[in-house]
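Structure, as structure tokens:
Have a look at this one:
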């Protein structure tokens, strides 16, 4: 789709993430703490913890920092308590937005999230006001110029993937959340280089934004992602490449 390349959008997104390294480490630490608290400190028996550790390694989080977060989660050392929360609403142009958080004080987080939506030209909604339009799944992206689609299909489907698509220079593998790590590991074992892999919420429908609305929307998303308790932001916007300029 001209002007809405998934490959270009992913590269821009990765660049934004790289510019917020300290925030990424904080997010990963919280995710590890909660995963270890809820399922124990051994990633061999705690898939959620394994995923959180993989995310931390992907942003070059130091090993000792990862181990410290695990110990905070298991109670070996003292640490703050975080609880999951989701905030849903709409941004400029009617774009649906999900903001998944790990918060220690809802009385602080909720007003801040509401203010971000209001100032960004959006509005905060009620629970499940937009979440029904998204599907929770694992998504793995590979550069189509480096990965033979047929070989990816064979390896991915054998490992339990539910779909493989080739669009905008990307081979995209979709999985059920429970199969995500197994499929990812199988692709790596088969020698494929993964560009991006995550558990995410994929929209059933998308909203096309013009450049002006997209720039306003991106400012809202950046502010949301900078909020201390926000872990991940999902949306259904189609953003033209020109909006990143």
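In the numbering used here, the protein residues as written are 33 to 277.
Yeah, the Cβ is synthetic: ideal placement off N, Cα and C, and Gly gets one too.
All of these numbers come straight from a predicted model, not from anything done at the bench.
Residue i CB to nearest heavy atom of the ligand COA below 8 Å
i: residue 105; result: No copy of the ligand COA occurs in the structure displayed, which carries no ligand at all.
Beta-carbon proximity list for residue i, same chain, < 7 Å, skipping 5 on both sides
i: residue 264; result: 132
i: residue 261; result: 133, 134, 135 and 141
i: residue 65; result: 101, 104, 105, 111 and 114
Counted within 10 angstroms of its Cβ, other Cβ atoms place residue i as buried (16 or more) or exposed
i: residue 87; result: buried
i: residue 195; result: exposed
i: residue 141; result: buried
i: residue 56; result: buried
i: residue 59; result: buried
i: residue 164; result: exposed
i: residue 227; result: buried
i: residue 138; result: exposed
Counterpart residues of residue i in DSSP-defined beta bridges
i: residue 121; result: 129 and 156
i: residue 116; result: 134
i: residue 195; result: 206
i: residue 229; result: 172
Span of the alpha helix (DSSP H) around residue i
i: residue 181; result: 181-190
i: residue 143; result: 138-151
i: residue 276; result: Careful: residue 276 lies outside any alpha helix (DSSP H) and carries neither H nor E.
i: residue 65; result: 53-71
i: residue 87; result: 79-90
i: residue 76; result: Per DSSP, residue 76 belongs to no alpha helix (DSSP H) and is neither H nor E.
i: residue 96; result: 95-106
Contacting residues, own chain, Cβ-Cβ under 6 Å from residue i (five flanking each side not counted)
i: residue 169; result: 206 and 234
i: residue 121; result: 129, 149, 154, 155, 156 and 157
i: residue 61; result: 101
i: residue 83; result: none
i: residue 256; result: 131, 148, 262 and 265
Nearest-angstrom beta carbon gap, residue j and residue i [assumed within contact, 8 Å]
i: residue 63; j: residue 78; result: Rounded, the Cβ-Cβ distance is 12 Å, inconsistent with contact.
i: residue 176; j: residue 202; result: 6 Å
i: residue 124; j: residue 248; result: 5 Å
Residue i: first and last residue of the uninterrupted beta strand (DSSP E) it sits in
i: residue 217; result: No beta strand (DSSP E) holds residue 217; the alpha helix (DSSP H) holding it covers 212-221.
i: residue 259; result: Taken as a continuous stretch (DSSP letters only), residue 259 belongs to no beta strand (DSSP E), as it is neither H nor E.
Cut-off 8 Å between Cβ atoms - residues of its own chain near residue i, not counting five sequence neighbours on either side
i: residue 189; result: 196
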